[in-house]
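The numbers in the sequence shown follow this note's numbering, run straight up by one, and end at 322. Comments concern the structure below.
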Amino acid sequence: MSILVVGEHDNATIKGGTLNAVTAAAVISLFTGGETHLLIAGHNAQSVAEAGTKIAGVSKVLLADAPHLAEGLAENVEATVLSIANGYSHIVLPATAYGKSIAPRIAARLDVAQMSDIIAVESADTFVRPVYAGNVIATVRSGDSTKVVTVRTTGFDAAATDGGSASIEKIAAAPDAGVSQFLNRQVTKLDRPELTSADVVVSGGRGLGSAENYTRILEPLADKLGGALGASRAAVDAGFVPNDYQVGQTGKIVAPELYIAVGISGAIQHLAGMKDSKVIVAVNKDAEAPIFSVADYGVVDDLFVAVPEWVDLLSQ
7 MSILVVGEHD
17 NATIKGGTLN
27 AVTAAAVISL
37 FTGGETHLLI
47 AGHNAQSVAE
57 AGTKIAGVSK
67 VLLADAPHLA
77 EGLAENVEAT
87 VLSIANGYSH
97 IVLPATAYGK
107 SIAPRIAARL
117 DVAQMSDIIA
127 VESADTFVRP
137 VYAGNVIATV
147 RSGDSTKVVT
157 VRTTGFDAAA
167 TDGGSASIEK
177 IAAAPDAGVS
187 QFLNRQVTKL
197 DRPELTSADV
207 VVSGGRGLGS
217 AENYTRILEP
227 LADKLGGALG
237 ASRAAVDAGF
247 VPNDYQVGQT
257 GKIVAPELYI
267 AVGISGAIQH
277 LAGMKDSKVI
287 VAVNKDAEAP
297 IFSVADYGVV
307 DDLFVAVPEW
317 VDLLSQ
């Protein structure tokens, strides 16, 4: 049987997490021999569906277009997925806020277990996922006829956005569930890369002391490196930055090429969100800070001295 990937998008572009989910689906298909289909559930989303046809590994794009799907309300997307679920052995979503709100509803309605936050595929029914904030890696097996899976985006490479030649099939959207209503959306606009897709992330912790210090110390470094800004939960709780900057188990999971942790002690909650980064550099005046246990390069120094020196060197 085929595999269905539920695509996350904004009716204009496909979100990056969908590309990672497509890669996971491609791995599953090696064991099942089935095709990978991509569902685009939205409104006036023809351009998104057309972009989906070019994604490597996608055999068919299913387009469900209706006004009540415009905002991606979980109840309405769920209903549309359920209307076609019988034709698929696996239903795959990215483990983003979007996927996490929809997948449990689908699994509950199908009366199956959900395989959450997988980082590897061992067979058609066996998956690997982190538990206990990533301190334990569990191998789980599902005997359900339909497997509902969410994919940790840092566990799989993004599928190529060109090279594919899928067809588009329009399907009927399920009726409006009528149990939720979209009110408004506040979108944060940044002049720098988005945190979960950036190649370089500069994160700050409680050691920065204040929001003013966070801005003064970290922004010049991030600007020089073309990176995104992140933060530990302690820095967010202290009001240094908004919570959409938070990296960690209760924030965003990132795996950039370079992760710089400044004034971050390295609590388990934070490590769970960034320890898969390719290169980790930590700056902390406490030589015993847990962050050094995962760092590739550690600098035991006063961050208020070390980081400005780096900026000066990068400016030369």
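Beta carbons: idealized from backbone N, C-alpha and C, even for Gly.
In the three-state scheme derived from DSSP, where H, G and I count as helix and E and B as strand, Ala47 is classed as strand. It is roughly 17 Å from the alpha-carbon of Ala301 to the alpha-carbon of Gly213. Straight-line spacing of the CA atoms in Arg147 and Thr59 works out to 31 Å. The beta carbon of Ile125 lies closer than 7 Å to those of Val134, Arg135, Pro136, Arg158, Gly161 in the same chain, with the five residues before and after it left out.
Sequence-distant partners of Glu14 (beyond 5 residues in either direction) whose C-beta falls short of 7 Å from its own C-beta, in its chain, are Lys21, Gly23, Thr24, Pro100, Thr102, Tyr104, Gly105. For His74 and Glu81, the gap between their C-alpha atoms comes out near 10 Å.
Ranking Ala70, Ile174, Lys230 by CA distance to the CA of Thr86 puts Ala70 first. Asn17 places its beta carbon less than 8 Å from that of Val54. Spatial neighbours of Phe37 in its own chain (CB-CB distance under 7 Å, excluding positions within 5 residues in sequence) are listed in chain order as Ser129, Ala130. Between Val253 and Val260, the beta carbon gap of about 6 Å places them in contact (Cβ cut-off 8 Å). The beta carbon of Thr152 sits closer than 7 Å to those of Ala91, Tyr94, Ser95, Ile97, Leu116, Val118, all from its chain and outside the five residues before and after it, given in chain order. Across the set Glu56, Met7, Ala57, the C-alpha of Met7 shows the shortest separation from the C-alpha of Glu41. Separation of the CB atoms of Gly272 and Pro296 is rounded to 4 Å, and the pair is thereby assigned contact status at 8 Å. Rounded to the nearest whole angstrom, the CA to CA distance from Thr221 to Asp205 is 20 Å. A direct Cα-Cα distance of roughly 44 Å separates Lys176 from Val285.
Around the beta carbon of Phe298, 16 or more other beta carbons sit within 10 angstroms, so the residue counts as buried.
Counted as a single uninterrupted DSSP element, the stretch harbouring Tyr251 is not any beta strand (DSSP E), since DSSP gives it neither H nor E. Restricting attention to alpha helix (DSSP H) runs no shorter than 4 residues, the segment 267-322 encloses them at 274-280, 309-321, ordered along the chain. Between the beta-carbon of Val67 and that of Leu44 there is about 5 Å, and that keeps the pair under the 8 Å contact cut.
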